[in-house]
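Right, one structure below, let's go through it.
Residue numbers (our numbering), protein chains in the order written: chain A, 24 to 314; chain B, 24 to 314.
Shown next as structure tokens:
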């Protein structure tokens with residue numbers, strides 16, 4: 024889907040892929056493998072799917088076991104590290120910090136009180152201090168990004184375009200607050216704003232508001248608009264869509280999905296297109312202001 | 024609670040109170056009555072509570088029956104009109120427009136595609152063209168407003184103060200989008216943003232996120248922050264809190280409620296204070312930038 028060359032190559036040795044939940048880790052691991060590079064998966068306990076992790080050479084770690092991770096990654100010859108997959112803010116009781124992890128626990132604790140960005144950036148800095156190179160999943164597997172234009176056969180109407188514009192404006196306004204990455208707009212009216220609940224929950228809310236008459240826009244109107252938070256470290260947490268997002272959009276009775284081209288990950292693109300086409304939902308990548 | 028003189032008096036004849044749902048219409052009607060002014064309630068069918076409306080001289084109207092309303096209000100000698108209570112965006116099938124209503128239906132239809140503000144402002148203009156004077160509920164019953172400072176015995180900690188500041192900043196940022204009037208902030212992190220779902224639903228979401236571990240802030244942290252939308256016509260739709268808001272805040276495990284003093288209506292203030300004190304929840308009116 025994209026012709027951008029990957030920022031890493033097989034010559035640079037095996038790559039350590041630290042895996043959270045969802046299906047994205049599989050897509051990224053397969054993409055790296057296809058390029059002929061060895062990938063070693065580090066499944067985060069309580070988050071990663073064992074059916075995904077166990078398809079590849081792998082280890083399991085707790086999120087606080089930074090020391091253990093570094094040791095295993097070095098032993099496997101990995102210098103490049105990629106974080107991928109979803110990560111619900113962990114309970115401190117499940118962090119299981121090792122010595123290295125303890126060293127940064129003060130920072131982690133502070134981060135828990137800020138947004139997720141701070142937590143992940145803190146971990147990233149620690150890895151880089153110890154000689155690792157942290158890459159974004161989109162740099163090693165650019166085909167996971169949504170390209171500019173339509174995926175599938177859906178069409179974008181003028182009223183959809185208006186909703187998309189309002190959506191991106193609204194996301195830009197709330198970006199500084201490290202809030203969520205998505206809104207639902209119908210008839211230029213913002214129906215829902217995502218914060219800590221996540222996109223799937225927000226879409227379920229819109230479906231519910233339609234069912235109980237709180238939203239009167241006729242079915243087939245309204246757009247899910249997603250964008251990265253401003254200041255978000257794109258190596259950790261690009262917005263993503265997948266087949267489940269399409270299901271949620273259908274349930275919510277919306278017309279389609281708009282994301283920033285080149286800054287949004289699509290999990291299982293074939294299934295996304297198939298589902299969207301079947302439900303007559305558009306999925307469009309809109310050119311962003313940044314590359 | 025406030026010493027601001029009411030902007031209307033018994034000398035100006037009976038007042039027409041157009042009533043939506045909730046308990047605020049009762050509080051406002053009682054306050055006007057206590058001042059010795061006759062109040063005639065116009066219950067909006069499908070919205071107003073008959074137990075409230077029928078305590079006073081009253082009529083029932085559909086929301087589209089502007090002509091009928093004007094006729095009845097004039098016959099009762101009312102020049103001043105106040106809108107109060109909640110109004111879920113009505114289905115067009117339930118509008119039942121009369122001739123006057125039909126004349127403005129084009130404008131109403133356009134308004135349905137914008138935010139609620141537009142709909143109400145349109146109705147307000149029509150009434151004023153026909154010689155009525157539209158007042159805000161806070162102008163005829165100033166004691167329904169939250170004053171500056173604490174209601175009840177709750178205390179505001181420094182971390183609450185930080186959350187309140189983040190909340191008002193965030194509301195200011197999303198104000199131009201005619202989104203909701205409330206956010207929940209804990210540890211300076213925005214957990215939820217209200218849009219079309221309403222405050223009670225947003226608080227229920229925070230409670231759910233706590234229950235399923237998506238929110239890790241310990242109970243007793245976090246603040247519900249409410250403010251009027253920017254550009255909102257304060258004669259129609261001031262933000263409000265009531266006993267149910269306190270219940271929702273308790274369920275969501277928050278520390279308290281912060282609103283803009285003089286720009287927020289409190290329904291049943293005694294019950295709000297009683298419930299808040301029992302649950303050790305603070306309720307505070309923060310001085311706004313406007314009077």
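Think of the CB as a built atom: it goes at the ideal place given N, C-alpha and C, for glycine as much as any other residue.
Quick caveat: nothing in here was measured; it's all calculated off a predicted structure.
Practice task
Spell out whether any CB of chain A is found under 7 Å from the CB atom of residue 290 of chain B.
Solution key: Here residue 290 of chain B refers to the residue found at position 267 when the second chain is read from its first residue. No, because no Cβ of chain A sits closer than 7 Å to the Cβ of residue 290 of chain B.
Handout entry: Own chain partners of residue 310 of chain B with C-beta closer than 7 Å, once the 5 adjacent residues on each side are dropped
Key = In the second chain, residue 310 of chain B corresponds to position 287, counting from 1. If we look at residue 310 of chain B and ignore the five residues flanking it on each side, its Cβ neighbours are 171 and 284.
Exercise for the section: Mind reading off the beta-carbon distance from residue 296 of chain A to residue 174 of chain A? Whole number of angstroms is fine, and I expect it under 8 Å. Expected result: Within the first chain, residue 296 of chain A is the residue found at index 273, counting from 1. Within the first chain, residue 174 of chain A is the residue found at index 151, counting from 1. Contact flag correct, Cβ pair sits at about 5 Å.
Exercise for the section: Report, in whole angstroms, the separation of the C-beta atoms of residue 156 of chain A and residue 102 of chain A, which I expect to be a contact under 8 Å. Expected result: One-based indexing of the first chain puts residue 156 of chain A at position 133. One-based indexing of the first chain puts residue 102 of chain A at position 79. Indeed, because the Cβ distance is near 6 Å, the residues count as touching under 8 Å.
Problem - Residues of the segment 223 to 253 of chain A whose Cβ lies closer than 7 Å to any Cβ of chain B, in chain order - result: 228, 232, 236, 237, 238 and 239
Practice task
Kindly list the residues whose CB is nearer than 6 Å to the CB of residue 292 of chain B, restricted to its own chain and excluding five residues on each side of it in sequence; keep chain order.
Solution key: Position 269 of the second chain, counted from the start, is the residue given in the question as residue 292 of chain B. So no residue of the chain qualifies.
Handout entry: Candidates A:307, A:203 and A:272, of which the one nearest residue 262 of chain A by Cα
Key = Within the first chain, residue 262 of chain A is the residue found at index 239, counting from 1. Nearest of A:307, A:203 and A:272 to residue 262 of chain A, Cα basis: A:203.
Handout entry: Contacts of residue 201 of chain A in chain B (Cβ-Cβ under 8 Å)
Key = Looking up residue 201 of chain A in the first chain gives position 178. Simply 212 and 213.
Problem - Whole-angstrom distance between residue 277 of chain B and residue 40 of chain A, CA atom to CA atom - result: Position 17 of the first chain holds residue 40 of chain A. Position 254 of the second chain holds residue 277 of chain B. C-alpha separation (whole angstroms): 38 Å.
Practice task
Give the straight-line distance between the Cα atoms of residue 63 of chain B and residue 34 of chain B, rounded to the nearest whole angstrom.
Solution key: Position 40 of the second chain holds residue 63 of chain B. Position 11 of the second chain holds residue 34 of chain B. Using only the alpha carbons, I get a separation of about 15 Å.
Exercise for the section: Over the uninterrupted alpha helix (DSSP H) stretch that includes residue 42 of chain B, give me the two end residues. Expected result: As a position in the second chain, residue 42 of chain B is number 19, starting the count at 1. Residue 42 of chain B -> not in any alpha helix (DSSP H); beta strand (DSSP E) instead, spanning 38 to 42.
Problem - the segment 221 to 228 of chain B in contact with the segment 208 to 216 of chain A per 3-pair CB rule at 8 Å - result: Cβ pair count under 8 Å is below three, so no.
Exercise for the section: Kindly give me the distance between the Cβ atoms of residue 68 of chain B and residue 83 of chain B, rounded to whole angstroms, as I take these residues to be in contact under 8 Å. Expected result: Indexing the second chain from 1 puts residue 68 of chain B at position 45. Indexing the second chain from 1 puts residue 83 of chain B at position 60. About 6 Å separates the two Cβ atoms, so the contact holds.
Problem - Members of the segment 160 to 191 of chain A near chain B, C-beta cut-off 8 Å - result: 189
Practice task
Output the boundary residues of the beta strand (DSSP E) element that contains residue 249 of chain B.
Solution key: On the second chain, position 226 is the one that residue 249 of chain B refers to. Run containing residue 249 of chain B: 246 to 249, per the beta strand (DSSP E) assignment.
Problem - Residues that residue 272 of chain A contacts on chain B, provided the C-beta gap is smaller than 8 Å - result: Along the first chain, one-based indexing puts residue 272 of chain A at 249. Near residue 272 of chain A there are no residues of chain B at all, since even the closest Cβ is about 17 Å away, more than 8 Å.
Problem - Environment of residue 275 of chain A [buried if 16+ CB atoms lie within 10 Å] - result: Taking the first chain and counting its residues from 1, the one referred to as residue 275 of chain A is at position 252. With a threshold of 16 other beta carbon atoms within 10 Å, residue 275 of chain A meets it and is buried.
Exercise for the section: Kindly say whether residue 197 of chain A, judged by its beta-carbon, lies nearer than 7 Å to any beta-carbon of chain B. Expected result: Stepping through the first chain from its first residue, residue 197 of chain A is reached at position 174. Under the 7 Å criterion on CB atoms, residue 197 of chain A is classed as interfacial with respect to chain B.
Practice task
Could you name the residues of chain A that residue 218 of chain B contacts, counting a contact when the two beta carbons are closer than 7 Å?
Solution key: For the purposes of this step, residue 218 of chain B is identified with residue 195 of the second chain, where counting begins at 1. Correct list: 213, 214, 215 and 216.
Handout entry: DSSP state of residue 308 of chain A mapped onto helix, strand, coil
Key = As a first step, residue 308 of chain A is located in the first chain; it is residue number 285 there, counting from the start. Three-state result, residue 308 of chain A: strand.
Exercise for the section: Please check if any C-beta of chain B sits within less than 7 Å of the C-beta of residue 193 of chain A. Expected result: Position 170 of the first chain, counted from the start, is the residue given in the question as residue 193 of chain A. Closer than 7 Å to some Cβ of chain B, the Cβ of residue 193 of chain A qualifies, so yes.
Problem - Whether residue 288 of chain A touches residue 246 of chain A by CB criterion (7 Å) - result: Mapped onto the first chain, residue 288 of chain A falls at position 265. Mapped onto the first chain, residue 246 of chain A falls at position 223. No, these two residues do not count as a Cβ contact at 7 Å.
Practice task
Under 6 Å Cβ to Cβ from residue 48 of chain B, same chain only, skipping five residues before and after it: list those, please.
Solution key: Working through the second chain from its first residue, we reach residue 48 of chain B at position 25. Closer than 6 Å at the Cβ level, and outside the excluded window around residue 48 of chain B, lie 42, 75, 107 and 108.
Handout entry: Start-to-end residues for the alpha helix (DSSP H) that takes in residue 163 of chain A
Key = Here the question's residue 163 of chain A lines up with position 140 in the first chain. Unbroken alpha helix (DSSP H) run through residue 163 of chain A: 160 to 163.
Practice task
State whether the segment 299 to 306 of chain B contacts the segment 266 to 273 of chain B, with contact taken as three or more CB pairs (one from each stretch) at a distance under 8 Å.
Solution key: These segments touch.
Exercise for the section: Please confirm whether residue 273 of chain B and residue 302 of chain B have their CB atoms less than 7 Å apart. Expected result: Within the second chain, numbered from 1, the residue matching residue 273 of chain B stands at position 250. Within the second chain, numbered from 1, the residue matching residue 302 of chain B stands at position 279. Cβ atoms of residue 273 of chain B and residue 302 of chain B: closer than 7 Å.
Handout entry: Interface flag, residue 202 of chain B vs chain E, CB-CB below 7 Å
Key = Included in the structure are the protein chains A and B, with no chain E among them.
Practice task
Could you name each continuous beta strand (DSSP E) segment of 3 residues or more that falls completely within the segment 26 to 105 of chain B, going from the start of the chain to the end?
Solution key: 38 to 42, 62 to 67 and 81 to 84
Practice task
List the DSSP bridge partners of residue 205 of chain A.
Solution key: Looking up residue 205 of chain A in the first chain gives position 182. Paired residue(s): A:249.
Handout entry: Short CB-CB distance (under 7 Å) between residue 43 of chain A and chain B
Key = Here residue 43 of chain A refers to the residue found at position 20 of the first chain. Taking Cβ atoms only, chain B never reaches closer than 7 Å to residue 43 of chain A, which makes this a no.
Handout entry: First and last residue of the uninterrupted beta strand (DSSP E) at residue 5 of chain A
Key = No statement about residue 5 of chain A is possible, as the shown extent of chain A runs from 24 to 314 and does not include it.
Exercise for the section: Specify the secondary structure class of residue 285 of chain B as computed by DSSP and reduced to three states. Expected result: Working through the second chain from its first residue, we reach residue 285 of chain B at position 262. Three-state result, residue 285 of chain B: coil.
Exercise for the section: Please say whether residue 32 of chain B and residue 164 of chain B have beta carbons closer to each other than 7 Å? Expected result: Working through the second chain from its first residue, we reach residue 164 of chain B at position 141. Working through the second chain from its first residue, we reach residue 32 of chain B at position 9. Their beta carbons are not under 7 Å apart, which means residue 164 of chain B does not touch residue 32 of chain B by this criterion.
Exercise for the section: Pull up the distance between the alpha-carbon of residue 248 of chain B and that of residue 183 of chain B, whole angstroms please. Expected result: Within the second chain, the letter at position 225 stands for residue 248 of chain B. Within the second chain, the letter at position 160 stands for residue 183 of chain B. Approximately 11 Å, taken between the alpha carbons.
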